[in-house]
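Residue numbering for the sequence shown follows my numbering, beginning at 1259 and increasing consecutively. Contents: one structure, followed by commentary.
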Amino acid sequence: MRGWLIPPPKESTKSSEDFVNEREAKVRGLIKNGYLKSPRIESALLKVPREIFIPDPYRDYAYQEIPLPLPGERATISCPHSYPLFYEPLGLDKGHRFLEIGSGSGYGAAIAREVVGREGLVVSVEIDPVTFEFAKRNIERAGYDDILVVNGDGGLGYPDMSPYDRIAITAACREIPPPLIDQLKTWGRLITPIHKGPNQKLVLIEKEVDGIESYTICDVLYVSLRGEYGV
Ligand code: SAH
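Here's what the structure looks like:
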């Protein structure tokens, strides 16, 4: 059977100091095993308290390499290494206009906002209304007032703020939804898990003047995309 084992829910016993220590240790580990390279992504991971994006009963597991359940249907916060896994090949950087499909906890959007800075833009689209409310509340609680969180089908993108320099789809699709390619700038990059038979591959594409260059990175395991271009 393929899947993740979810640890048992329990009351949180860790202090904010415990979480700071765990966060710093996690970042050191991600550098050591090669996932994390760029200083801006490192600073973002050190700054954003992942534990406040996680429902109380799972908070103590915040820095473990497991996805944890979120309110809504089939939503999970991805494991900690997933964020550099996506954002390093994407080359996410200061000033980028970034679109995330699948807000989940809101953590990925917060990390992206730290990387792109005030001069950039973060738009995050979530299809599930319950998960959307959860993400929005977490993002506000974390102190961000300039991340646009939208309740809708991210397969359709968010044309109002397009074009984007970078797009991350954090759910697995059969093929990249065409509206997302349309909303990507030329020389822009998009990263997404794609179903390939019984497996999923993390795929990076770059939009060129006369076509698309595609690179396969590794095997991954994500919840499937819903909506018009859903699986
Ligand atoms: N990026 C998130 C993890 C997302 S899990 C984080 O950092 O926590 C995948 C999310 O994609 C789920 O919340 C799911 O509801 C959402 N999703 C699935 N299909 C979608 C679609 N078509 N549009 C927007 N969100 C979608």
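The C-beta atom is built at its ideal place from N, Cα and C for all residues, glycine as well. Nothing here was measured: the structure is a model prediction, and the numbers come from that model.
Please state whether the Cβ-Cβ distance between PRO1307 and ARG1281 is less than 9 angstroms.
In the sequence shown, counting from the first residue as 1, residue 1307 sits at position 49. In the sequence shown, counting from the first residue as 1, residue 1281 sits at position 23. Closer than 9 angstroms, so yes.
What whole-angstrom Cβ distance do ILE1359 and ALA1429 have, given they're in contact under 8 angstroms?
Position 101 of the sequence shown holds residue 1359. Position 171 of the sequence shown holds residue 1429. Correct: roughly 7 angstroms between the Cβ atoms.
Would GLN1322 and PRO1265 qualify as a contact pair, given that the criterion is a beta-carbon distance under 9 angstroms?
Numbered from 1 along the sequence shown, position 64 holds the residue referred to as residue 1322. Numbered from 1 along the sequence shown, position 7 holds the residue referred to as residue 1265. It is a contact, given that the beta carbons lie within the stated cut-off.
If you follow the alpha helix (DSSP H) that SER1274 is part of, which residue opens it and which one closes it?
Taking the first residue of the sequence shown as position 1, residue 1274 is located at position 16. It spans 1274-1290 - the alpha helix (DSSP H) in which SER1274 sits, taken as one unbroken run.
Does the ligand SAH have even one heavy atom less than 8 angstroms from the beta-carbon of THR1444?
On the sequence shown, residue 1444 is found 186 positions in, with the first residue counted as 1. Flag unset: Cβ of THR1444 not near the ligand SAH.
Helix, strand or coil, according to DSSP, for LEU1348 in the structure here?
Residue numbering aside, residue 1348 sits at position 90 when the sequence shown is read from its first letter. The answer is helix: DSSP assigns LEU1348 an H, G or I state.
Work out the CA separation of ILE1425 and LEU1379 for me, nearest whole Å.
Taking the first residue of the sequence shown as position 1, residue 1379 is located at position 121. Taking the first residue of the sequence shown as position 1, residue 1425 is located at position 167. Distance between the alpha carbons of LEU1379 and ILE1425: 12 angstroms.
Here's a check: name, in chain order, each residue in its chain whose Cβ is nearer than 8 angstroms to the Cβ of LEU1294, leaving out the five neighbours to either side.
Start at 1 with the first residue of the sequence shown, and residue 1294 comes out as number 36. For LEU1294, where only same-chain residues beyond five positions count, the Cβ hits under 8 angstroms are VAL1285, LEU1288, GLU1300, LEU1303, PRO1342 and GLU1346.
Please return the same chain residues whose Cβ sits closer than 6 angstroms to the Cβ of LEU1348, not counting the five positions on each side in sequence.
Here the question's residue 1348 lines up with position 90 in the sequence shown. Excluding positions up to five away in sequence, the list reads ARG1424, ARG1447 and ILE1449.
For THR1271, does the count of other Cβ atoms within 10 angstroms reach 16, so buried, or fall short, so exposed?
Locating residue 1271 in the sequence shown gives position 13, where the first residue counts as 1. Counting Cβ neighbours within 10 Å, THR1271 comes out exposed, since fewer than 16 surround it.
Could you give the residue range of the alpha helix (DSSP H) that holds ARG1332?
As a first step, residue 1332 must be located in the sequence shown, where it is residue number 74. Here ARG1332 belongs to no alpha helix (DSSP H), and DSSP marks it neither H nor E.
Taking the continuous beta strand (DSSP E) assigned at GLY1469, which residues delimit it?
Position 211 of the sequence shown, counted from the first residue, corresponds to residue 1469. Counting along the chain, the beta strand (DSSP E) containing GLY1469 begins and ends at 1469-1477.
Once you ignore the five residues that flank LEU1442 on each side, which residues in its own chain have a CB closer than 7 angstroms to its CB?
Counted from its first residue, the sequence shown places residue 1442 at position 184. If we look at LEU1442 and ignore the five residues flanking it on each side, its Cβ neighbours are PRO1421, TYR1422, ILE1425, LEU1448 and LYS1465.
What alpha helix (DSSP H) runs, 4 residues minimum, are completely inside the segment 1405-1453?
Counting only runs of 4 or more, we get 1436-1440.
Do you know how far the Cα of ILE1312 is from the Cα of SER1274?
Numbered from its first residue, the sequence shown carries residue 1274 at position 16. Numbered from its first residue, the sequence shown carries residue 1312 at position 54. Roughly 14 angstroms between the two C-alpha positions.
Should GLU1391 be listed as close to the ligand SAH, given that the test is whether its C-beta is under 8 angstroms from any heavy atom?
Here residue 1391 refers to the residue found at position 133 when the sequence shown is read from its first residue. No; taking the cut-off as 8 angstroms, the Cβ of GLU1391 has no heavy atom of the ligand SAH nearer than that.
Would you check if there are 3 or more beta carbon pairs closer than 8 angstroms linking the segment 1370-1384 to the segment 1409-1420?
At 8 angstroms Cβ cutoff, the stretches touch.
Could you check the C-alpha separation between GLU1486 and ILE1470 for me, to the nearest Å?
Working through the sequence shown from its first residue, we reach residue 1486 at position 228. Working through the sequence shown from its first residue, we reach residue 1470 at position 212. Spanning the two alpha carbons is a distance of roughly 22 angstroms.
Under the DSSP definition of a beta bridge, which residues are partnered with LEU1263?
In the sequence shown, counting from the first residue as 1, residue 1263 sits at position 5. Answer is none; LEU1263 lacks a bridge partner.
Just to confirm, is the Cβ distance from SER1340 to VAL1478 under 9 angstroms?
Locating residue 1340 in the sequence shown gives position 82, counting from the first residue. Locating residue 1478 in the sequence shown gives position 220, counting from the first residue. A contact, by the Cβ cut-off of 9 angstroms.
Between ASP1411 and the ligand SAH, is there a pair consisting of the residue's CB and a ligand heavy atom that are separated by less than 8 angstroms?
Along the sequence shown, one-based indexing puts residue 1411 at 153. Yes, the Cβ of ASP1411 comes within 8 angstroms of a heavy atom of the ligand SAH.
Return the residue from the list ASN1409, TYR1480, PHE1356 and PHE1277 that minimises the CA-CA distance to VAL1461.
Taking the sequence shown and counting its residues from 1, one reaches residue 1461 at position 203. VAL1461 has its Cα closest to that of TYR1480, out of ASN1409, TYR1480, PHE1356 and PHE1277.
Taking the straight line between their C-alpha atoms, what separation do you get for ASP1440 and GLY1375?
Taking the first residue of the sequence shown as 1, we reach residue 1440 at position 182. Taking the first residue of the sequence shown as 1, we reach residue 1375 at position 117. Straight-line Cα distance between these residues: approximately 25 angstroms.
CB-CB under 6 angstroms to GLY1410, same chain, minus the five flanking residues each way: which ones, in chain order?
Here residue 1410 refers to the residue found at position 152 when the sequence shown is read from its first residue. If we look at GLY1410 and ignore the five residues flanking it on each side, its Cβ neighbours are VAL1383.
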